[in-house]
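As they're listed, the protein sequences go chains A and B. At position 382 of the first sequence (counting the first as 1) the number is 382 in my numbering, and the numbers step up by one without a gap. At position 110 of the second sequence (counting the first as 1) the number is 611 in my numbering, and the numbers step up by one without a gap. From the three backbone atoms N, C-alpha and C, an ideal C-beta is built for every residue, glycine too. Predicted model, so just to flag it, every value in this text is computed and none were measured.
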Amino acid sequence: MLALAAWHIGAHAQAVDSTISRHDAIVEHQSLINDVNELTWTNPAMKEGAYATSLTHIYLTAQWQRLTKPFLLQHGTGQSLVAVKADSYIRLGNRTAVWGRASYSTGKNRNIKWNSVADYDLLQPDVLGDTLGGNTRREQYVFEGGYGTHRGRWHLGGEMLFRAEQEYRKVDPRNRSIVSDLTLRAGAGYDIANHVIAFALQGNIYRQTCSVDFYKPLGSIPEYQLMGLGEVYTRFSGDVNDLIFKGGGIKLQADVSPHRHSNGVIATAWASQHSYERVARMLNSLPLTTLYNKEVGLRVGWKHCGALNYALWGDYQFNRRSTDQYLAGTSSSQIYPVIAHLTMYKNYIIHTSLTAMVGRNGTTAWWVKASAGYDGNREHFVTPRRAMKRGHVFGQLEGQAIFAPSRQWTLTTHLGGSYHACVNDYLLMPLADMEPHFIDMIKHNFTVLSSNYTHAGAGMRADYHIGRTRYSVFGAVRYDITVGYNRECDNSLLFSLGIYI
Amino acid sequence: MCVLAVLCTASCHDDRDDYTTIASIDLTLPDGGTIETMQYSLHMMNLNTRNTVTLAGSTHAGSLVVGDLLRGAYSISVEGVVRYSVAGAEGSRVAQFRALSDYVSIVELNKNVISLEMILMD
């Protein structure tokens, strides 16, 4: 009897302990303060020290996004996406951690125009586009895994991230894009004065094949090889519909972060260069353009852990994108030699911000984060001269609260809002030389990009810890709204449902 | 940070900013002879952008110089009227002419010389 009672108490105590520890794990992993380290934790040598608790999620998500009018024409008017995801961080003892992610998503994008390739934000403006567009279907597979350990004062880590994506349309113009994107990261760090200083090297290989077919014999429209700001590679626009994008790049990163629960300096500096070459397969693999993307970035801040935790950091990021156009010589049997190449498109993007956070972790955790900054973007096409500039000043406020109304429940609420005001804009276009649908496209996109916009979002997540087991179930809902030009809205609703241990 | 900056500049791709060049189109008469004076209308179409540069004028030399030309592949067409004299014959003759080339590579940075033979219409 006593033994049974002892086992019962022991089991109940274990169940109680496990619900408390699961609540602590949620607080540690979901807490808004983790935003301070979002850059340092991309270094696999640093990520081993990120969390003291293990947490593995397996869940389904469903997302609906609807825009009353398209913002950027190339992004469309919304999407519906369903995904199954698994997300894990597992501590293998005090010195080692492994983490990984796997997901499969499928869904639909609505009303994509002027863009027949996947990964538009990565490859723009060097894309294939047409005036018709339409809905596309999309599938994505993601596999990520990483390992980190520390021995004495040395920290080591490695990570692999793989994404495969397919985007296609079942009506004319039938585009079909297949993407594979592999990133490998390795990092090494050393303990100095209660901080970890680490370096990381990242390599990326990117491939996309893209083709557009027309099944209706009289229904084909030209597919344009776009080069930026409505400019087109005229010689190869029209029926060169079979492209390969190949590219990749490297990134070097240096990070400084204090040990867990210590005060200290948080800093990240990185520099990277990526390039993506657009090759026309049917012209004997003639390269048409290459997009170069060079980035430098810096984040410096201070984190304080005590009765009240706070953090303050500043961000700076400069991004220089440019397109080299390959000039083709004469053709003899579809073999075009490249006689020269010129940098025809240049784009400079700048992002600066200052962020402050205050709050505390614990059984009841709360955080408030405020940030303000400037985003600028200027791009131009060399000849014939086209230019577009815009700059926004923004302010952002976010709050999060995580609390346990009872032993079995954990509730997380999140509220945020931001306002972006356009402080400078400029457009220069050779309108006399442009076709009407190009003029409409540029004017619409410029109106959207140079308008003020407001964003607000609210989310709630409820976790139920199943007593006497290691499992919990959770459900989450999140609603975001962005109000842009002419009070047009972008509404987004996300549901998640899953289990975790 | 210094290491990063050095590495960045060392491995950075350089922009190709040499956009324009000069082309000199030398017109020659079919059977020898010297051009005394010429009135011409020159059209150069960039094969990659389909932009056309048009020049019209008159000259005493047989050479037309076009500056500030975007480098690339061009098709050239010249037509006009030429007064010329042939060695060993008295006086000068007048004829309409045309000179064409459907592909010329104009990519040299300093100067591009293109020789075209005139086709006399009379």
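Ends of the beta strand (DSSP E) at residue i?
| i | result |
| --- | --- |
| PHE245/A | 242 to 258 |
| HIS341/A | 338 to 360 |
| MET323/A | Looking at the sequence provided, one finds Thr at residue 323/A rather than Met. 309 to 328 is the extent of the beta strand (DSSP E) around THR323/A. |
| VAL483/A | 472 to 483 |
| LEU411/A | 409 to 428 |
| MET160/A | 154 to 168 |
| TYR224/A | 224 to 228 |
| PHE381/A | 365 to 381 |
| THR209/A | 195 to 213 |
| ARG517/B | Premise fails: ARG517/B is in no beta strand (DSSP E) and is neither H nor E. |
| SER180/A | 174 to 192 |
| THR522/B | 521 to 529 |
| VAL614/B | 613 to 618 |
What are the boundary residues of the alpha helix (DSSP H) that residue i is part of?
| i | result |
| --- | --- |
| ASN284/A | First-last for ASN284/A: undefined, no H or E at that position. |
| THR447/A | 436 to 449 |
| PRO405/A | No alpha helix (DSSP H) holds PRO405/A; the beta strand (DSSP E) holding it covers 386 to 406. |
| LEU123/A | 120 to 123 |
| LYS47/A | 44 to 47 |
Would you say the beta carbon of residue i comes nearer than 7 Å to a heavy atom of the ligand ATP?
| i | result |
| --- | --- |
| TYR336/A | Among the components of this structure there are no ligands whatsoever, and the ligand ATP is therefore not found. |
Which value, in whole angstroms, describes the spacing of the CA atoms of residue i and residue j?
| i | j | result |
| --- | --- | --- |
| TYR336/A | GLU144/A | 40 Å |
| SER586/B | ALA557/B | 23 Å |
| GLN124/A | GLY228/A | 8 Å |
| ILE33/A | ALA102/A | 25 Å |
| TYR104/A | THR553/B | 51 Å |
| VAL583/B | LEU565/B | 13 Å |
| LYS294/A | ALA271/A | 8 Å |
| LEU72/A | VAL232/A | 19 Å |
| PRO70/A | LYS108/A | 15 Å |
| THR96/A | ASP172/A | 52 Å |
| ALA432/A | MET388/A | 17 Å |
| ASN94/A | ALA52/A | 8 Å |
| ALA307/A | ILE481/A | 35 Å |
| ARG110/A | PHE438/A | 21 Å |
| ALA365/A | ARG407/A | 15 Å |
| SER322/A | ARG385/A | 15 Å |
| VAL368/A | TRP409/A | 23 Å |
| LEU128/A | LYS346/A | 18 Å |
| SER80/A | SER496/A | 14 Å |
| GLU537/B | LEU283/A | 46 Å |
| LEU617/B | PRO531/B | 10 Å |
| TRP7/A | HIS29/A | Because the pLDDT at TRP7/A is just 42, under 50, the model does not fix this residue reliably, and the value given afterwards should be weighed accordingly. Cα to Cα, TRP7/A sits roughly 32 Å from HIS29/A. |
| ILE517/A | HIS75/A | This structure does not reach residue 517/A, given that chain A is present from 1 up to 501, and the question cannot be answered. |
| VAL196/A | HIS514/B | 33 Å |
| LEU327/A | LEU288/A | 8 Å |
| THR521/B | LEU571/B | 5 Å |
| LYS216/A | TRP114/A | 20 Å |
| THR503/A | VAL338/A | Absent from the model: residue 503/A. The displayed extent of chain A is 1 to 501, so no value can be given. |
| LEU354/A | VAL27/A | 25 Å |
| PHE403/A | LEU411/A | 5 Å |
| GLY329/A | LEU286/A | 11 Å |
| GLY133/A | HIS444/A | 16 Å |
I want to see whether chain D comes within less than 8 Å of residue i, judged by CB atoms only; does it?
| i | result |
| --- | --- |
| ALA524/B | Given the protein chain composition of this structure (A and B), no chain D is represented. |
Interfacial residues, the region 271 to 302 of chain A to chain B, with Cβ spacing under 9 Å: Closer than 9 Å at the C-beta level to chain B, one finds these residues of the region 271 to 302 of chain A: ALA271, SER272, GLN273, SER275, THR290, TYR292, LYS294, VAL296 and LEU298.
Meets three-Cβ-pair contact criterion under 8 Å: the region 402 to 417 of chain A and the region 454 to 465 of chain A: yes
Against chain B: residues of the region 323 to 344 of chain A by CB proximity under 7 Å: ASP324, LEU327, ALA328, GLY329, THR330, ILE339, ALA340, HIS341, LEU342 and THR343
Complete beta strand (DSSP E) runs within the region 63 to 95 of chain A (minimum length 3 residues, chain order): 78 to 91
Residues of the region 212 to 238 of chain A whose Cβ lies closer than 8 Å to any Cβ of chain B, in chain order: TYR233, THR234 and ARG235
Stretch-stretch touch, CB-based, cutoff 8 Å, three pairs: the region 603 to 610 of chain B with the region 562 to 579 of chain B: yes
Inter-stretch contact at 8 Å, needing at least 3 Cβ pairs: the region 440 to 454 of chain A / the region 463 to 470 of chain A: With the cut-off at 8 Å, the region 440 to 454 of chain A and the region 463 to 470 of chain A do not touch.
Chain B contacts made by the region 369 to 401 of chain A, where a contact means CB separation under 7 Å: VAL382 and THR383
Given 8 Å, three or more beta-carbon pairs between the region 131 to 141 of chain A and the region 23 to 37 of chain A: In short, these stretches do not touch, since the Cβ pair count stays below three.
Whole beta strand (DSSP E) elements within the region 534 to 608 of chain B, 3-residue minimum: 535 to 547, 553 to 560, 564 to 571, 573 to 586 and 594 to 607
Stretch-stretch touch, CB-based, cutoff 8 Å, three pairs: the region 60 to 74 of chain A with the region 478 to 498 of chain A: yes
Contact residues within the region 532 to 550 of chain B, judged by C-beta distance below 8 Å to chain A: LEU548, ASN549 and THR550
Stretch-stretch touch, CB-based, cutoff 8 Å, three pairs: the region 176 to 184 of chain A with the region 220 to 239 of chain A: In short, these stretches do not touch, since the Cβ pair count stays below three.
Interface residues of the region 565 to 593 of chain B facing chain A [CB-CB below 9 Å]: LEU571, ARG572, GLY573 and ALA574
Against chain A: residues of the region 599 to 622 of chain B by CB proximity under 7 Å: TYR604, SER606 and VAL608
At least three beta-carbon pairs within less than 8 Å, the region 390 to 404 of chain A to the region 234 to 249 of chain A: no
Meets three-Cβ-pair contact criterion under 8 Å: the region 419 to 430 of chain A and the region 35 to 48 of chain A: Short answer: they don't touch.
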